[in-house]
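Add 64 to a position in the sequence shown, counting from 1, and you land on the number used in the numbering used here.
No residue lacks a Cβ here, since even glycine has one placed at the ideal position from N, Cα and C.
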Amino acid sequence: MTVPGRRSSTFTRLLRHGFTDPSAAERLLETPELGPVRDDPVLLDALGATADPDLALLGLVRVVEAQDADERRALLDTLATAKPLRDRLLGVLGASEALGDHLARHPHDWHALVTYEAADLHPGVAEFERGLAGATDPVSLRIAYRRCLLAIAARDVCGTTDVAEAAAELADLATATLRAALAIARAEAPADAAQCRLAVIAMGKCGGHELNYVSDVDVIFVAEPADGFDEGKAMQAAGRLAAHLMRICSETTVEGVIWPVDANLRPEGRNGPLVRTLSSHLAYYQRWAKTWEFQALLKARPVAGDPELGRAYVEAVSPLVWQAAERDNFVADVQKMRRRVVDNIPAAQVERELKLGPGGLRDVEFAVQLLQLVHGRSDATLHSGTTLDALAALAAGGYVGRADAAQLDAAYRFLRAMEHRIQLYRLRRTHLVPEDEADLRRLGRSLGLRTEPVVSLNKEWKRHASVVRRLHEKLFYRPLLDAVAQLAPGETRLSARAAAHRLEALGYADPAAALRHLEALSSGVSRKAAIQRTLLPVLLGWFADSADPDAGLLGFRKVSDALGKTPWYLRLLRDEGAAAENLARVLSAGRLAPDLLLRAPEAVAILGDPDGLVPRGRAHLEQEVLAAVGRAESAEGAVAAARGVRRRELFRTTAGDLIGSYGTEDSPAEEDPGALVDRVGNAVTDLNAATIAGALRAAVRAEWGETLPTRFTVIGMGRFGGHELSYGSDADVLFVHEPREGVDEQEAARAAGRVVAEMRRLLQLPTADPPLLIDADLRPEGKSGPMARTLGSYEAYYRRWSLVWESQALLRAEVMAGDAELGARFIELIDPLRYPVGGLNDDAVREIRRLKARMESERMPRGADPTLHTKLGRGGLSDVEWTVQLLQMRHGWELPGLRTTRTRTALAAAHAAGLIDAEAASILDEAWVLATRVRNGVMLVRGRAGDTFPSDGRELAAVGRYLGYEPGHVGDMLEDYRRLTRRARGVVEELFYGAHL
């Protein structure tokens, strides 16, 4: 009798044995049917050793209750006296609710766990075929399949087999099941069976002899007509047999399903015929197949049907598999495959994904398969469809470091064991780690983690995933370093040929040069070389993920040569997580940013500063530039300092733009391309304005000291005034001056002219820094007029001679440098011209339209594709800007929001005012942003300005990467550009040339 308020001794013992609900367990132990074994301490110990003692006890009660009296007595006697059965039965019941359900429905199947002969420890296809021999229909096949599965699960949970052996047994059971299903299909359609020879080729994990508990079984069907039968009719018969086989395994019956049979890896996928002849398969693979299809064929294995035909299929396709690395599009395909596809995983599930998540099973499998494709063409020892066997062969051949392979093997086994136990519980296809505490506890205990199973499980899982994340990149590149550094005598290394093959496969166009760079960077026993050997495996992966890996590696060597003796450089890359990846992205994305960096390599420190990629504001820049000018001893030295600041800030801006466009492992790409465009436009405008302010100060000081005889201001025009500069844009300006009190006008004019000439000279001096070209052609009278005018001269000219296009140009006018008060008066002077009261009259509107039409017909470069020209082409920058500017000139006088120099701001104001609907405004904005980004991308990639897409394939691909397109999708980029600008042109036709303004 239990004293009230005190726990029974049974309750305490149950807690000690791992039960989470001892009260329920006590009640279950009182079940009459358990009477003969209830008090046997061996039973409680065995239950406590299972993954989930509560679940195991409940399952045991259900199984015992389902027996008749004689069978129950036999089961309980065996349970009490035979440890193998006890461990197997309770182990399965504690790990799998689904198999417990099966035993409750088919109570006699517990006998499948009694046999403990030597052959039973490691059964093969023949043993499983005997286990399925009595199945004559889909229902009996499912029952027999589950009975065989019971034995596999029992060996697995008891540790008799390891995870690789269990996966192989599951694949052998699948092979036997496919054979049994085909036999049933043939028996039901003997006429079809007589007409054809049909072979079933296993693919995927089944073909690789590494199947999960619950997984699609991937297959390909190949058939030939039997002797004397028509090929067409024979193939129809084979198709019916194949479809019937798939239904037998896949359809839901009273006993559920076995697993889906998936034939989508066949040529043409779902759109292709279910069954083909061998010659038809070969014709497709030789002409149409993609790289991923050869990757899939790595695991092809004949498993059912005509064995001779199956062997012939594998022998025929095998040479094609090992020639895949020589295909023209192999590099692009590999780059595409190497970029992990996690976009389709819901954000909440990414961190729980065992297969596709970061550091998941797919990382290991893909890395191994890629290395097999690259090196298997010259090394037959790598021709294995099983991941762990292939990994061992790669290590033995020196293609993978032995220590790396051992770590990856251990991580893969642990992750596969997790996957097996998760699926075994309910026999459902899933790769998600559960969130429920009880499920995690069961999972942890099933893997032998008995002390704090949830904490231990999460720790081990994260540790192994981290190993995979770290090694799956290093796996490709560390052997390359070992091949050139030659530091570990006795280690098997990659040959020069194998190293070149690997670099080619990873996108390096000149593998010999790449190996020379690696040797120069990593050879020797110095601390510098040791750090480089640590950094390079990861850096090489980032380079390979770009459009120009060779340029990235060459740039890194140049920067390292320049800074290698600087103590902070390698420490920055090693210790600041983002710095190394940022540098890799910048060096491999094009010419402009590396050119800027190599002129002053110490700017690499910007990449390690968390705020280093944020553009500096104009006030900060101007203060720094003017301080540098003040310290200089000559005008040339002053402007050299100012241009040095500009070069550094251009690098900061290009680096921020590239990293924002590409994204990094820790920071996703900027989703709003308009934000990137605005950031670049503002940053380049601000640093050009600060540089011009510095040049103005230097020019004045060189001849006049601190005070020029005339007040002087610089007005930004065009993209400069609109804060919309691209990297390669000139600075359009007007120069305005006003004689100081007591100064003769002619003297003031001469002084202003000399200042302008000196500024332009200084800013274009040949130095290591990029020049800043000043363009004053928008001034009154153009190239025929004086470079600088007084405010009164501007007023007189605009009052008397100004044309409508000049008023339009003044829409972008903004003060950039010099005398702010004079600049403000100039803006006050021109406001009535650019925002005329009452808006433009009809003649002025017609004149603007005429000028636009003339520009379209006369200024387009000969031979240029008008659908791809970003400035003058259909729906490009000119179309959008002239449409917006016409709105500003017609309505700016009454709508203050339109009084801005910025295109996107004015467009948003026009929409807010109801002058343009939301869809049209969005189309124009998207087209303008895209065209601007293309111009920026071209400059970043080529290092020189351009208004259309590059013709060189690699440069075009690099622009595509900058715009967010994956490798191999250049065609999509051009089509998207044409589609968007075509829609924009439609809006322009309606708003600019129509009558809707």
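Option nearest residue i by Cα separation, candidates the options
i, options, result
"residue 445", "458, 333, 377", "458"
"residue 684", "769, 751, 729, 575", "751"
"residue 538", "518, 520, 570", "570"
"residue 301", "275, 253, 291, 735", "253"
"residue 581", "114, 591, 562, 621", "621"
"residue 186", "226, 211, 208", "226"
"residue 872", "574, 1046, 895, 1009", "895"
"residue 440", "465, 562, 381, 323", "562"
"residue 23", "370, 178, 1021, 123", "Nothing can be reported for residue 23: it is not among the residues displayed for the chain, which extend from 65 to 1061."
"residue 148", "134, 126, 174", "174"
"residue 100", "113, 78, 128", "128"
"residue 269", "262, 671, 433, 281", "281"
"residue 640", "605, 628, 599", "599"
"residue 433", "755, 959, 360", "360"
"residue 782", "865, 843, 525", "843"
Residue i, DSSP secondary structure in three states
i, result
"residue 172", "helix"
"residue 776", "strand"
"residue 755", "helix"
"residue 248", "helix"
"residue 919", "helix"
"residue 630", "coil"
"residue 640", "coil"
"residue 936", "coil"
"residue 571", "coil"
"residue 1007", "coil"
"residue 1023", "helix"
"residue 406", "Confidence is the limiting factor: at residue 406 the pLDDT is only 48, short of 50, which leaves the residue's position unreliable, though a coordinate-based value still follows. Of the three classes helix, strand and coil, the one that applies to residue 406 here is coil, per DSSP."
"residue 511", "coil"
"residue 1037", "helix"
"residue 1047", "helix"
"residue 99", "helix"
Cβ pair residue i, residue j closer than 9 Å
i, j, result
"residue 577", "residue 614", "yes"
"residue 758", "residue 743", "no"
"residue 76", "residue 93", "no"
"residue 206", "residue 321", "yes"
"residue 745", "residue 788", "yes"
"residue 903", "residue 863", "no"
"residue 259", "residue 298", "yes"
"residue 222", "residue 155", "yes"
"residue 710", "residue 833", "yes"
"residue 381", "residue 345", "yes"
"residue 660", "residue 668", "no"
"residue 355", "residue 397", "yes"
"residue 210", "residue 172", "no"
Identity of the residues DSSP links to residue i by a beta bridge
i, result
"residue 261", "288"
"residue 282", "326"
"residue 799", "778, 852"
"residue 317", "320"
"residue 340", "286"
"residue 496", "417"
"residue 839", "796"
"residue 882", "777"
Chain D contact for residue i (CB, 9 Å cutoff)
i, result
"residue 176", "Protein chains in the displayed structure number just one, and chain D is not present."
Q. Are the stretch 900-920 and the stretch 964-980 in contact at 8 Å, needing three or more beta carbon pairs?
A. They do not touch, by the three-pair rule.
Q: Check whether the stretch 969-985 touches the stretch 812-830, taking contact to mean three or more Cβ pairs, one atom from each stretch, closer than 8 Å.
A: In this structure the stretch 969-985 does not touch the stretch 812-830; the number of beta carbon pairs closer than 8 Å is below three.
Q) Quick check: the stretch 867-884 against the stretch 847-859, are there 3 or more CB pairs under 8 Å? A) Using a C-beta cut-off of 8 Å, the stretch 867-884 makes no contact with the stretch 847-859, since fewer than three inter-stretch Cβ pairs fall below that distance.
Q.
Closer than 8 Å is the cut-off here; do at least three beta carbon pairs connect the stretch 81-89 with the stretch 115-135?
A. Flag = yes, the stretch 81-89 and the stretch 115-135 touch.
Q: Please determine if the stretch 1043-1060 and the stretch 926-941 are in contact, where contact requires at least 3 C-beta pairs separated by less than 8 Å.
A: Counting Cβ pairs under 8 Å, three or more are found: they touch.
Q) Does the stretch 526-537 come within contact of the stretch 456-473, defined as at least 3 CB pairs closer than 8 Å? A) They touch, by the three-pair rule.
Q.
Check whether the stretch 489-496 and the stretch 264-281 touch, using three or more Cβ-Cβ pairs below 8 Å as the test.
A. They touch, by the three-pair rule.
Q.
Measuring CB atoms only, is the stretch 1019-1033 touching the stretch 990-1004, in the sense that at least three cross pairs come out at less than 8 Å?
A. Segments in contact, yes.
Q) How about the stretch 728-735 and the stretch 671-686: do they share at least three Cβ pairs that are nearer than 8 Å? A) Taking 8 Å as the limit for Cβ pairs, the verdict is that the stretch 671-686 does not touch the stretch 728-735.
Q. Okay, do the stretch 321-334 and the stretch 366-383 touch, 3+ Cβ pairs below 8 Å being the bar?
A. Not touching, per the Cβ criterion.
Q. Contact between the stretch 789-801 and the stretch 873-889: three or more CB pairs below 8 Å?
A. In short, these stretches touch, since the Cβ pair count reaches three.
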